[in-house]
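Report on the following structure.
Chains as they are written, first to last, in our numbering: chain B, 577 to 975; chain A, 577 to 975.
Here you go:
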């Protein structure tokens, strides 16, 4: 739905909505001819499907495989083709770095170059995270005119660079040449307004290189995914409600914060996440619960582990249902079929339960049943408006 | 479909299309676990469903509850988010007031204020329609510079104000403060081009107040929903056909007139409506038949009455089918589930029968079957182009 229309039609209400995102939920049949969701023992999900309605969501578009950013933007009701979260921002978000409006973030890789400055290893032998942390610590006092510099380790050879200051621009090239035997590229401005930023970035690279050139490994760096914090619609203002995110992984808390949600201290398990929701039940109207392990298992190509992750979620579901939300949604940000060991474009099973949901006589929550479900196959960005309608949070359009 | 594309591809033909709109057709299961449409005995509709194809329409968007205006615009093939019919226009339309292109209409309420001018009853005790008619009659000779003034009663405390003249603008505030204990707001311009109109409206309010201030009840007024007649595509020109509307309620005749349909003298019952269509069969290519009582019963929360209204329509259907239209459509402008006693956002059952319709092996016209129907779930604004294609009224796009 159009953002301005939401702003115009949304109304406050005394209802609670819970959005459960099983990351990478959608799958494909494995060796036994049935999908992870199909083979999983999911009696609580099936019970919800029986009471509610099911369908399939298309995260971004037909044939489009979404990253985590676009997949979640759509579930938050925002068109992922309009509201783009840059890679640098996602990476910063993933380590809980709180980006400000003047921050420019980039993904960094330490790499190894030879005596001629030509790359011999783009990932510096996947150097240990602790080493990367030490290098980052040694770079934090780099001085650049007019901006603050943040250098934060991520994992292995990866780090995040954040420049903070007025007038920074993200129209910069990527300096990773994507192959070995050549030197890292120089930072260049891709638009006139980025000339000053490019010069600052070149100074940062030069100073860093000076400091780490003597190392055997991780003696140079590449930068890419330059991005500023996007100016996204804020769910609390848009929908006139209080919204909380409950996610174990920082990236998903970060994505939720980008759209204005508060984040709950959710611990490390589904049990502690649900407990966090329970203990804050009166404080918020909308809860986003993120469950990662369906996706991790799918990405690893581990069919049975993904199936068991779904079962783990199913086992915890009664505790959520017991909170008696007016509307409960079970969805995924994209498919991650174990047989592909990667994100995919396949439509994603979705389930909606609430008092005014038109039950569709479907009793099992599987890809096949969802394709026949009463909700049909529809754009993921329409899910939240639909759910909020069922929660009495959208008023009539026109007389 | 895009209006310019329709204009380009539409061709005349010797075919007849009938669009039957059962207002508020879509429902939800009631106490017996099945919907109004599901429980109703609808053997003629089921016969049409067997011969044709069924599906669900989304009137405006996922989660959007349409008013009658947007619901009908969509069924007339116009995007209701693009073609907006203002509330004042709808209200004027609802009393058969024929708006001209220079008319500005507003919904008026008589209210009661105390000696200090503070509202004590926003609806003036829902004063009798006859009293409102008398007050309106006494205001018609109010003189405003450069415009004609029309004041027409609607029902109870409600009336319509129409100002007719060059250069009027609708960017005016609503003067109903939406609560009691405060005075009605003053009319103010919301844009510079509305300053003159605002001044005229203030003069009207001042003169009216002077005349009715002495009354115990209905001694003041509020105005809202300022709107000019929208400039809508005209179906006869767009589709190269002659179009007639057959509706008992004036609002639906008015909506049809806004898109260029002629209106037939249809009497007060479904029988007289169908007789009007029969006797004008050779005069038009497209007939819009509006049936109100499904919606009225739904709005009243009267499940059985809505079910019976559907059965009443079903009983008359053979007389329409006997006219042998090339394409017959049974649709609704929105859902009005009796259990909600209100319009809702739920997709609406639709049925299409014609020689080239691809039958979908569905034999019962219910929400559940429609969700499985061959037409799928699709935007209501696409229904008319689809029906006209089946009537041979759309030519090929591209070579």
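Even glycine gets a Cβ: it sits at the ideal position worked out from N, Cα and C.
Computed from a predicted structure; not experimentally measured.
- Contacts between residue 948/B and chain A, judged by CB atoms closer than 9 Å, involve 947, 948 in chain order.
- Contact between residue 840/A and residue 856/A holds, since their C-beta atoms are separated by about 6 Å, short of 8 Å.
- One thing to note: residue 834/A has its Cβ within 7 Å of the Cβ of residue 808/A.
- For the pair residue 587/A and residue 965/A, the Cα-to-Cα distance works out to about 10 Å.
- For the pair residue 934/A and residue 902/A, the Cα-to-Cα distance works out to about 14 Å.
- Every beta strand (DSSP E) of 3 residues or more that sits fully in the region 729-807 of chain B is shown, in chain order, as 734-740, 796-804.
- For residue 697/B, the enclosing beta strand (DSSP E) covers residues 695-697.
- In the same chain as residue 812/B, and ignoring 5 residues on each side of it, the C-beta atoms closer than 7 Å to its own belong to 818, 819, 836, in chain order.
- Bounds of any beta strand (DSSP E) do not take in residue 588/B, whose DSSP letter is neither H nor E.
- In the DSSP assignment, residue 864/A forms a beta bridge with 595/A, 821/A.
- Residue 676/A sits exposed, since fewer than 16 C-beta atoms from the chains shown fall within 10 Å of its C-beta.
- Scanning chain B for C-beta atoms nearer than 7 Å to the C-beta of residue 802/A yields nothing, as the closest lies near 13 Å away.
- For residue 954/B, the chain A residues whose Cβ falls inside 7 Å of its Cβ are 638, in order along the chain.
- At a cut-off of 7 Å, the C-beta of residue 934/B has a neighbouring C-beta in chain A.
- Within the same chain, and ignoring the five residues on either side of residue 780/A in sequence, the residues whose Cβ sits closer than 8 Å to its Cβ are 718, 720, 725, 737, 739.
- Around the beta carbon of residue 642/A, 16 or more other beta carbons sit within 10 angstroms, so the residue counts as buried.
- With distances taken between CA atoms, residue 743/A lies nearest to 775/A out of 638/A, 775/A, 627/A.
- Taking 8 Å as the upper bound for CB-CB distance, residue 616/A and residue 928/A are not in contact here, some 20 Å apart.
- For residue 954/A, the enclosing beta strand (DSSP E) has its first and last residue at 952-955.
- Between the alpha carbons of residue 877/B and residue 700/B lies a distance of about 26 Å.
- 599/B is the residue among 578/B, 589/B, 590/B, 599/B whose C-alpha sits nearest the C-alpha of residue 869/B.
- Neighbourhood of residue 645/A in chain B, by CB distance below 7 Å: 974, 975, in chain order.
- Counting along the chain, no beta strand (DSSP E) covers residue 608/B, and no H or E run does either.
- For residue 970/B, the chain A residues whose Cβ falls inside 8 Å of its Cβ are 639, 640, 641, 921, in order along the chain.
- Cβ contact annotation for residue 920/A (same chain, cutoff 6 Å, sequence separation greater than five): 641, 911, 913, in chain order.
- Residue 796/B and residue 761/B have their alpha carbons spaced roughly 11 Å apart.
- In this model, residue 706/A and residue 893/A are separated by some 38 Å (Cα to Cα).
- Each of 954/B, 745/B, 606/B, 755/B was checked against the Cα of residue 768/B, and the nearest Cα belongs to 745/B.
- Between residue 965/B and chain A, the shortest Cβ-Cβ separation is below 7 Å.
- Counting other Cβ atoms within 10 Å of its Cβ, residue 581/A stays below 16 and is therefore classed as exposed.
- Within the region 717-747 of chain B, no residue has a Cβ lying closer than 8 Å to any Cβ of chain A.
- In this structure, the CA atom of residue 690/A is about 19 Å from the CA atom of residue 684/A.
- Annotated three-state conformation of residue 914/A is coil, per DSSP.
- Looking from the CA of residue 710/B, the closest CA among 960/B, 848/B, 648/B, 732/B belongs to 732/B.
- At a cut-off of 7 Å between beta carbons, residue 667/B makes no contact with chain A.
- Chain B has no Cβ within less than 7 Å of the Cβ of residue 928/A.
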